[in-house]
Amino acid sequence: MDKQQLAAQIWKAANKMRGSLDANDYKDLILGLMFYKFLSGREVEFFLKNEIPVERLEYEITSEKPRRVAMAQASLGYFIEYSDLFSTWEKRLPDLQPSWITEAALAFDAQVNPQYRSIFHEIFTPLASAVPKLGTDSTAQAKKLRELIRIVREIPTDGRQGYDVLGYVYEYLISNFAANAGKSAGEFYTPHQVALVMAEIVGHHLKDRRDIQVYDPTSGSASLLLNIGDAISRRSGNPDSIQYYAQELKKAAYALTRMNLVMRGIRPANIITREGDSLGADWPMIDPFTGVYQTLLVDAVVSNPPYSAEWERPKLGADPRFAYGLAPEKTADYAFLLHELYHLKSDGILAIVLPHGVLFRGGEEEAIRTQLIDRNHIETIIGLPANIFYGTGIATIVMILKKERGSDDSILFIDASRGFEKAGKQNELRDRDVRKIVDTAIERRTEDKYSRLVSRAEIRENGYNLNIPRYVDSSDPAETWDIYATMFGGIPQEEIDTLATYWDALPGLREHIFDSTTETHTHVQDRIKAGNSLADSVHQHPSVAAFEASFTSAFTGWPQSLKTRLIYHLADVEMTTIEAELRTELFQRLAHVPIIDDYSVYQIFANHWKETGRDLEVLKGQGWDQVRRVEPHYVIKKVKGVDKEVQEGYFGTVLPFELVQQELLAEDFSELEALHTRLAQAEERVSELFDSLTEEQRGSGENSVTNAAGDTFNATNVKNRLDSLMKDITSPEIDVLEEYLNAHGAARKSLVTLHPEVNWGAMTAGKSGTYTTTTVRTYIDQLKRATDFEDDALEPVLIEALDLLDEVKTAKKDIKTREAKIHLDTKRIIENLDDDAARGLLAVKWVDRLLDDINTVPHHTIENLIEAVSELDAKYDTTLSDIGHRAQTAQQNLSRMMGQLTGPERDMEGIAELAKILGGQQ
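Structure, rendered in structure tokens:
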């Protein structure tokens, strides 16, 4: 199950629970049941591997078999009775009672191996506490529980999904219920993209180490720890080399920490957790053999502590963690930082999320900040966008610190506050933003308007103020206006110089576009302006062609390389490293291409990789035959007023139906697309016609041409109104045809002979040589419609609207029939694909479409230059001098016309004086 399918399952359960629970209780139920299912499944798998037949499990997994209990406790750390297994609940679902869940939670605690008590103790307390909130009595509670278990049983919890399932569900729930859950639900959650920034920086620092300890003193959902673990594992290839230390104050979050770590397949021996206040009670590390206290020192500390929380300060000098000073009672930010720095090894790294205020606040915080700077602990400060964390919109930073930094005493400031996209109510870092932050931090590079290495001496000169805008100005340059150009025209050379990056990369283009009028000012060449051909002149210039060729050349051979590695050698793809390998190749290929924003190209790659990576996980985890798998598509629809899940077609597990249709059913797909296009055009024209009518023309009552809502046409009403309007239209030809309708037999044939002026050939006669009543009436209607109506007549509008409404109706019916056929044809094709055809489709999906999008970048880059030049040209196109001359001429003309006026003597004296003023006379 990929993330989209998982999200759909979770939302389905949310809809079922809507109105029954608040967000926190729903979250506790879903996550608790997921984790319980995971532990149950792992126990069953353990006993099956230990040669207990599936039909004997009911008799062997019982507390009456002490040996079995001991086996599970020794290997798994816990034991669950067969009757309490999640799979048993599934089998007995119609009889399920709420007491089963609450009693199972208590029984679980009693059967935990004491050695792993810190991991499992009371881990299901939040789940048990949420069950009674499902309804007012056990019957109502049981009904809701059965619905939840039906949902949860479809959610994968086997740890083979290639992503943090529990963490993703938690993130999904928090993001979708943030408005209801408020700060209390989101304060211990670090958005994935922020966690990824921290993890990549920390993972790079630890890349060459074997045994690694990481610690989060405010662990929350454990998302930071898990991201750090993933980053380290990708580099070392050994996830078992990492020990995770986690401490959390809140009971529900502490349970989530442990669930998430266990579900990610981390060995219990590598999980060391503690429920408690990290500031109030330091981590106890007492040697189990000697009883001697040892300070916990780790390779990395990561945290997102509660911002500006209150804390109980110890006496000054009483706690070695706070040797650099005590944070204020009302703002514990630096207390968390010092606690974490204290537990860092001399060569370790610390990444912490903090509110922006820690950079410049005075008093006790300033004293601590001064110590941190003077002792050279702060390495990097990253300013994040506002409104990026759930529950708070304040600006935040990530601070990277080390105990020992060697000879480097500079601090790297990164202002990443402007790099984000809107995601609902939140701001969210894009893949390109994450990558740029990480690369800049690792390479410690300076980039105008983005980052800067600042010496300790300069920071001291600024009074130890670390406020990012003091060192990096990321604001847009202020708009300036050149006085000479404003008065007389031309473009200042200085403003053209701001596009120097383009001119350096595209030699000769500047001279091709501009005339060098003076040393200080110029203008777009007359031949370009006269022909309005700036875009053509730029795109056709040899330097632009050379630039586009260099971009194309940079990717020579890459498409085939990607197809070979990802498709033909799919079995050899290492999922933990493949994205990083391809990303590195991408940047290497772009290294010598000028102008291009490398990270905009990377974003294209990242967008495609979301789907490609997901496909690879499916094919590698579930087998190649998944490429031919088609699944039912279910949607929630109202059926007799009740929300029900109904099937609505199919979808390809790996291969999208649309892709297969475009590639293997091209003719049918094109015809269907053309029908959709024509339908959209017809509907748009109908809307235009309706909007063109006045209220009077739209009519009312029996004369109305609108639907009940009054917002568009009703076909029947239009026809009735049109018939009424054209009822009295006649002509000699129409008169004969009306007479024909009233005649019979030989009389009809006689009329045809007697009236050759009628265009009888416009109708199709029957075998007897006569015309049916329907045929004649249709022709009469055509003749009436061909009347030369007046320009503002209603009839032509209604005639066109009626034709279009008929076309829309026919098109919709045709589209529905064609879509049903092509849909089933696609299903059949996917299910019967041979391997070569499947590989060809994957090549289009994974590679060809990626390169198609990447190849649009040079054109967009040049378009940005054209837009910038156009704006400069327009800026000074109309001068104040021109405006002044036109105004003066207008005044003089008005003065002259006023001199021609006649009227009462006193009025004329006033007009004469005004004319003098307008004419420039004193």
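Residues in the sequence shown are numbered consecutively from 97, following my numbering. For glycine and all other residues, C-beta sits at the position ideal for the given N, C-alpha and C.
Coil, strand or helix - residue i by DSSP
{"i": "MET859", "result": "coil"}
{"i": "VAL620", "result": "strand"}
{"i": "MET495", "result": "strand"}
{"i": "ASN523", "result": "strand"}
{"i": "ARG163", "result": "helix"}
{"i": "VAL534", "result": "helix"}
{"i": "GLU575", "result": "coil"}
{"i": "ASP611", "result": "strand"}
{"i": "ARG360", "result": "coil"}
{"i": "PRO690", "result": "coil"}
{"i": "ASP544", "result": "coil"}
{"i": "VAL298", "result": "helix"}
{"i": "ILE368", "result": "strand"}
{"i": "LEU761", "result": "coil"}
{"i": "LYS740", "result": "strand"}
{"i": "ASP180", "result": "helix"}
{"i": "VAL265", "result": "helix"}
{"i": "GLY717", "result": "helix"}
{"i": "LEU549", "result": "strand"}
Endpoints, the beta strand (DSSP E) within which residue i is located
{"i": "ARG457", "result": "It is not in any beta strand (DSSP E) - ARG457 carries neither H nor E in the DSSP assignment."}
{"i": "ASP395", "result": "394 to 399"}
{"i": "ASP443", "result": "440 to 451"}
{"i": "HIS729", "result": "726 to 735"}
{"i": "GLY325", "result": "Element bounds for GLY325: not the beta strand (DSSP E) but the alpha helix (DSSP H), 319 to 332."}
{"i": "VAL669", "result": "Here VAL669 belongs to no beta strand (DSSP E), and DSSP marks it neither H nor E."}
{"i": "ILE510", "result": "507 to 511"}
{"i": "GLY479", "result": "474 to 479"}
{"i": "ASP312", "result": "308 to 312"}
{"i": "GLN636", "result": "No beta strand (DSSP E) holds GLN636; DSSP gives it neither H nor E."}
Enclosing alpha helix (DSSP H) for residue i [first to last residue]
{"i": "ILE197", "result": "194 to 206"}
{"i": "VAL819", "result": "Note that residue 819 is Asp in the sequence shown, not Val. Looking at the DSSP string, the run of the alpha helix (DSSP H) that includes ASP819 is 811 to 822."}
{"i": "ARG152", "result": "That residue, ARG152, is in no alpha helix (DSSP H); it is neither H nor E in DSSP."}
{"i": "GLN237", "result": "234 to 248"}
{"i": "ILE215", "result": "213 to 216"}
Own chain residues within Cβ distance below 6 Å of residue i, not counting five before or after
{"i": "ALA423", "result": "TYR430, ALA431"}
{"i": "ALA275", "result": "Confidence is the limiting factor: at ALA275 the pLDDT is only 40, short of 50, which leaves the residue's position unreliable and the question unanswerable from this model."}
{"i": "TRP379", "result": "LEU392"}
{"i": "PHE426", "result": "The question names Phe, but residue 426 is Lys in the sequence shown. Cβ neighbours of LYS426 beyond the five flanking positions: GLU406."}
{"i": "LYS498", "result": "ILE445, GLU475"}
{"i": "SER214", "result": "THR369"}
{"i": "ALA463", "result": "GLY421"}
Cβ-Cβ separation, residue j to residue i (assumed contact under 8 Å), whole Å
{"i": "ALA327", "j": "GLY299", "result": "3 Å"}
{"i": "LEU900", "j": "ARG794", "result": "With 8 Å as the limit, LEU900 and ARG794 do not qualify as a contact, their Cβ atoms being about 16 Å apart."}
{"i": "LEU468", "j": "TYR420", "result": "7 Å"}
{"i": "ILE507", "j": "VAL550", "result": "5 Å"}
{"i": "GLU243", "j": "ALA203", "result": "24 Å between Cβ atoms; not a contact."}
{"i": "ALA291", "j": "ASN323", "result": "4 Å"}
{"i": "ALA224", "j": "THR198", "result": "5 Å"}
Assigned exposure category for residue i - 16 Cβ within 10 Å defines buried
{"i": "GLY806", "result": "exposed"}
{"i": "ILE155", "result": "As written in the sequence, residue 155 is Tyr, which differs from the Ile given in the question. Classification for TYR155: exposed."}
{"i": "THR594", "result": "exposed"}
{"i": "LYS240", "result": "buried"}
{"i": "ASN400", "result": "buried"}
{"i": "ASP529", "result": "buried"}
{"i": "ARG924", "result": "exposed"}
{"i": "ALA1008", "result": "exposed"}
{"i": "ARG138", "result": "buried"}
{"i": "GLN390", "result": "exposed"}
{"i": "PRO1000", "result": "exposed"}
heavy atom of the ligand GDP below 8 Å from residue i C-beta
{"i": "GLU959", "result": "The model on display carries no ligand, and the ligand GDP is accordingly not part of it."}
Beta-carbon proximity list for residue i, same chain, < 8 Å, skipping 5 on both sides
{"i": "SER783", "result": "THR808"}
{"i": "VAL904", "result": "LEU775, ALA778, GLU779, VAL782"}
Cβ-based neighbour list, residue i, same chain, cut-off 7 Å, excluding 5 preceding and 5 following
{"i": "HIS435", "result": "PRO313, SER374, LEU375, ARG417"}
{"i": "LEU894", "result": "VAL801, VAL814, ARG817, LEU818"}
{"i": "ILE962", "result": "LEU630, ALA631, VAL634"}
{"i": "PHE175", "result": "VAL165, ALA168, GLN169, GLN207"}
{"i": "GLY745", "result": "HIS729, HIS919"}
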